[in-house]
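Numbering (this note's numbering), first residue to last: 1 to 342.
For every residue, glycine included, the Cβ atom is placed at its ideal position computed from N, Cα and C.
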């Protein structure tokens, strides 16, 4: 009898130990991971859609909605109808919408199809329709935009590495070239890289045959003008710095007239926009101010150092996205008008 009780006690202890071990295992066992699927609401996807349109400079007046009823689909009740400029590739808009949405959700699908010249897009999340829009290319829809030309003031002063990077920038930029002995050869190579240049008359002119000194005889001044024009004959503009000694001398009118005789009008350096600023924030702010000034001159020529151009480059790209263009200096109204006056 005692043996039986002892055996029963052992069984009881074993059962309790087993129960406790199961409890402990359950407590320390890592919880099973469940994949969390994020799902944007209709309102959030609408917000993304309108944000992308704004990034491309699409006016709100070109965006409308109409009632929508689709069998077996009750998640949305409207469809967007957007009139787009014909120069704006619709796939770019679809690409940017997809990029933003893909960052925030899984289970995302977009559809695109063309119906008689209209591109229709549908966006689903977890098989639920969240947005439908018709994008229509319209030749009568034109974005407000500016045309920018850039003159880099110090390109020829850059080190070899930075100068090569400058040459391969994907824009037709211009270089401010100060006359000197070795300058013409270097200037002539710019065309190979789709770059242009201006001839800048300032205090930094080097080489006796190019110098324009206020105390020189008119014969020497005339010869220097002749050499500058001949050696830099591919220059888009001949520009004079109003702070230079020659500009503020009594012989400036003579020098100006000599350039004019050779069909070269001297343009004042102050005609270009200088973005000189204390820091990067101010520099970007000034450029954005000129970008947004669509009611002023729509063609703007900036004169700035290479580093400043790199600082505003991201803003340049944003402006291009909204429809503005970076154009060669040779395509500006200023250059065309001067050439017509010859």
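Same chain, Cβ closer than 8 Å to residue i, neighbours up to 5 away in sequence not counted
i, result
"residue 65", "78, 79, 80 and 81"
"residue 50", "63"
"residue 249", "214"
"residue 298", "145, 146 and 147"
Cβ-based neighbour list, residue i, same chain, cut-off 6 Å, excluding 5 preceding and 5 following
i, result
"residue 302", "150 and 273"
"residue 172", "194 and 328"
"residue 267", "237 and 239"
"residue 305", "153 and 154"
Closest residue to residue i among the options (Cα-Cα distance)
i, options, result
"residue 58", "331, 326, 341 and 319", "319"
"residue 330", "218, 237 and 189", "237"
"residue 146", "338, 316 and 335", "316"
"residue 275", "264, 184 and 290", "290"
"residue 189", "161, 234, 76 and 87", "234"
"residue 231", "257, 213, 258 and 184", "184"
"residue 242", "208, 220, 203 and 262", "203"
"residue 177", "214, 240, 52 and 54", "240"
"residue 54", "332, 338 and 322", "322"
"residue 308", "278, 325 and 334", "278"
"residue 143", "338, 75, 263 and 84", "84"
"residue 198", "269, 103 and 97", "269"
Cβ neighbour criterion (16 or more within 10 Å) applied to residue i
i, result
"residue 68", "exposed"
"residue 43", "exposed"
"residue 196", "buried"
"residue 46", "buried"
"residue 343", "As displayed, the chain neither begins before 1 nor continues past 342, which places residue 343 out of reach and without an answer."
"residue 130", "buried"
Cβ shell of residue i (< 7 Å), same chain only, five flanking positions each side left out
i, result
"residue 206", "180 and 181"
"residue 224", "209, 210, 211 and 212"
"residue 287", "275, 312 and 315"
"residue 300", "146, 148, 273 and 290"
Range covered by the beta strand (DSSP E) that runs through residue i
i, result
"residue 176", "174 to 177"
Where the alpha helix (DSSP H) containing residue i begins and where it ends
i, result
"residue 336", "333 to 340"
"residue 305", "It is not in any alpha helix (DSSP H) - residue 305 carries neither H nor E in the DSSP assignment."
"residue 184", "183 to 188"
Quiz item: Is there contact here, the stretch 124 to 140 with the stretch 266 to 283, by at least three beta-carbon pairs under 8 Å?
Solution: no
Quiz item: Using 8 Å as the Cβ pair cut-off and three pairs as the minimum, do the stretch 258 to 274 and the stretch 208 to 217 touch?
Solution: no
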